[in-house]
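K.L.:
Numbering (full-length UniProt numbering), first residue to last: 1 to 313.
Using N, Cα and C, we set each Cβ at its ideal position, and we do this for glycine too.
Quick caveat: nothing in here was measured; it's all calculated off a predicted structure.
Handing you this structure, nothing more for now.
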């Protein structure tokens with residue numbers, strides 16, 4: 001496979017996954033800001049949304065205040081934000097069009113239809129109810145595209161590069177969500193384990209479609225340490241870091257076998273997977289969750305760069 005084709009397939013999947021992630025952030029933030037005043041939030045929710053999206057510097061250059069209107073505009077339709085939902089879909093479609101013959105018709109139809117529908121959303125003035133429907137639509141587009149790839153792509157190098165993009169992006173997103181919850185959402189004056197804390201953690205589980213899974217696995221009340229265990233180390237949870245790296249390692253090994261060459265990308269993925277497999281959540285908490293996640297994001301970014309160097313240039 002030509003490197004430019006592999007590169008486009010990899011980034012199509014990353015951009016679609018990122019658009020869904022932004023929709024989940026905005027949906028969760030809207031839920032948090034709708035808390036009754038009796039819960040006593042500190043009003044940091046919209047700032048935390050920008051931080052979770054990883055674009056604080058760009059936002060600060062464009063806006064003076066992190067309020068609902070500014071954050072929603074910046075993360076959805078702002079053309080100057082490279083990672084806005086609009087630009088994610090535009091870049092995904094552009095990459096898909098460049099490698100149209102490497103996609104199945106179902107994958108192309110999902111992306112092209114989404115881009116056309118997005119134009120109609122962009123021209124509307126949306127109230128909160130319609131904005132919520134828009135976010136649900138974004139998440140559904142990702143599900144349709146992901147499902148069409150899973151159901152229709154031939155299991156060859158094109159499929160493996162596409163899946164790599166999904167799981168590298170998903171690992172980064174899950175790590176950022178966890179980090180921001182621990183450090184930005186809960187006000188300093190709020191009691192850990194209090195009503196606001198509980199609602200925020202529950203909302204975060206909904207954000208990653210893990211609330212039902214949490215209760216199936218642990219069968220007890222929501223606890224931060226168990227949420228961290230689910231989203232970091234539990235391989236049965238599709239969005240966990242360990243599950244993402246199990247998939248990343250498997251797809252990289254498939255590429256290594258197909259090309260008869262295993263290199264630094266395979267070694268880096270195996271190293272991270274082995275570390276996660278041998279880790280216990282008590283050790284993560286004792287070390288410091290923020291420090292662990294910072295290191296993980298750095299390692300995940302390093303793997304992304306290695307994949308580019310090894311296959312996509």
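List the whole-angstrom C-beta distance separating residue 108 from residue 96, where the pair is believed to meet the contact cut-off of C-beta under 8 angstroms.
P.N.:
Correct: roughly 6 angstroms between the Cβ atoms.
K.L.:
Take residue 66 and list the residues in its own chain whose beta-carbon comes closer than 6 angstroms to its own, dropping the five residues that flank it on each side.
P.N.:
Closer than 6 angstroms at the Cβ level, and outside the excluded window around residue 66, lie 46, 47, 50.
K.L.:
Given that a residue counts as buried once 16 or more other Cβ atoms are within 10 Å of its Cβ, and exposed if not, what is residue 79?
P.N.:
Counting Cβ neighbours within 10 Å, residue 79 comes out exposed, since fewer than 16 surround it.
K.L.:
For residue 59, which residues of its own chain have a beta-carbon under 6 angstroms away from its beta-carbon, when the five flanking residues on both sides are left out?
P.N.:
Answer for residue 59: 50, 74, listed in chain order.
K.L.:
Quick check on the DSSP output: the alpha helix (DSSP H) that includes residue 147 runs from which residue to which?
P.N.:
Segment 128-152, the alpha helix (DSSP H) holding residue 147.
K.L.:
Please state whether DSSP places residue 63 in a helix, a strand or coil.
P.N.:
Coil, per DSSP.
K.L.:
Straight-line CA distance for residue 257 to residue 263?
P.N.:
Rounded to the nearest angstrom, the two C-alpha atoms are 11 angstroms apart.
K.L.:
Leaving out five residues on either side along the sequence, give the residues of the same chain with a beta carbon under 8 angstroms from the beta carbon of residue 318.
P.N.:
Nothing in the structure corresponds to residue 318, since the chain is present only between 1 and 313.
K.L.:
The alpha helix (DSSP H) that contains residue 55, what's its start and end?
P.N.:
Run containing residue 55: none; DSSP gives neither H nor E here.
K.L.:
Could you give the first and the last residue of the continuous alpha helix (DSSP H) run that contains residue 300?
P.N.:
That run of the alpha helix (DSSP H) goes 289-311.
K.L.:
In whole angstroms, what separates the C-alpha of residue 212 from that of residue 236?
P.N.:
C-alpha separation (whole angstroms): 13 angstroms.
K.L.:
Does the structure place the region 159-173 close enough to the region 239-252 that three or more beta carbon pairs sit under 8 angstroms?
P.N.:
The region 239-252, when compared against the region 159-173, does touch it at the 8 angstroms Cβ threshold.
K.L.:
Using C-beta distances below 6 angstroms, list every residue in its chain close to residue 347, excluding the 5 sequence neighbours before and after it, in chain order.
P.N.:
Outside the displayed span of the chain (1 to 313) sits residue 347, for which this structure offers no information.
K.L.:
Do you know whose CA, among 261, 208, 242, lies nearest residue 177's CA?
P.N.:
Here the closest residue by C-alpha is 208.
K.L.:
Just curious, the alpha helix (DSSP H) that residue 77 is in, first and last residue?
P.N.:
Run containing residue 77: none; DSSP gives neither H nor E here.
K.L.:
Measure the alpha-carbon distance for residue 279 versus residue 34 and round it to whole angstroms.
P.N.:
Taking the straight line from one Cα to the other gives about 37 angstroms.
K.L.:
Look up residue 104 in the DSSP assignment and say whether it is helix, strand or coil.
P.N.:
Correct three-state label for residue 104: coil.
K.L.:
Residue range of the alpha helix (DSSP H) that residue 271 falls in?
P.N.:
Element bounds for residue 271: 264-277.
K.L.:
How about the region 140-152 and the region 110-117: do they share at least three Cβ pairs that are nearer than 8 angstroms?
P.N.:
Output reads yes: the region 110-117 touches the region 140-152.
K.L.:
The alpha helix (DSSP H) with residue 234 in it runs from where to where?
P.N.:
No alpha helix (DSSP H) contains residue 234, which DSSP labels as neither H nor E.
K.L.:
Flag this pair as yes or no: are the beta carbons of residue 171 and residue 300 separated by less than 7 angstroms?
P.N.:
Yes, the pair counts as a contact, with Cβ atoms nearer than the cut-off.
K.L.:
Do residue 222 and residue 198 have their beta-carbon atoms positioned less than 7 angstroms apart in this structure?
P.N.:
Yes.
K.L.:
Would you identify the three-state DSSP class for residue 204, choosing helix, strand or coil?
P.N.:
Residue 204: helix per DSSP, three-state reduction.
K.L.:
Check for me: the alpha helix (DSSP H) holding residue 331 runs from which residue to which?
P.N.:
No statement about residue 331 is possible, as the shown extent of the chain runs from 1 to 313 and does not include it.
K.L.:
Considering Cα atoms alone, identify which of 105, 90, 217 is closest to residue 115.
P.N.:
Checked all of 105, 90, 217; the closest Cα to residue 115 is 90.
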